[in-house]
Structure formats: structure tokens, C-alpha cells
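Undergrad: The structure is given below, and queries will be raised subsequently.
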Amino acid sequence: MAKKDYTVFMKNAEASVRMEGYTVTPKMRNQCKRVLSGKTTTAECLKQFTAAKAAKMAK
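Encoded structure:
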């Protein structure tokens, strides 16, 4: 099976995020690549994000 190239999709998504006034971090790019390659799910990324945010708020 051929490896899919998501470069155009990623660039479009990043442009959309920037238009909303946000910044795309290298960590975000990596998470998107992991989801697109099937190594993880969006739900799992959101769980990690929520846990990290809760830990930060608890400090």
C-alpha cells in the first residue's frame, strides 16, 4: 500500500488555524501526523491534551 502524502491537507489546516488567530506548534504538527498515519486517534490526542491542561491548572 502506498504511503499517503498529507502535506497539502496539513498546510491548509494550519492556514485555517492561523486565520483564527492561533499558532500551530511543532507538537501539534506531530500529533496531526500521528493521527493521519493511524498511529493514534483524535480522541486519544484530546485525552492527552485535557490531562495536560488539567495538570497545568492544578499547579
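Heads up, the sequence shown is in my numbering, so the first residue is 274 and it goes up one at a time. Virtual Cβ for every residue (Gly too), placed ideally from N, Cα, C.
1. Helix, strand or coil for V297, going by three-state DSSP, please let me know.
2. Can you determine whether any heavy atom of the ligand HEM sits closer than 7 Å to the C-beta of K312, and answer yes or no?
3. Using only alpha-carbon positions, find the residue among R307, D278, K326 that is nearest to P299.
4. Could you give the residue range of the alpha helix (DSSP H) that holds T323?
TA: Taking the geometry as given:
1. coil
2. With respect to the ligand HEM, the structure offers nothing, as it holds no ligand at all.
3. R307
4. 315–331
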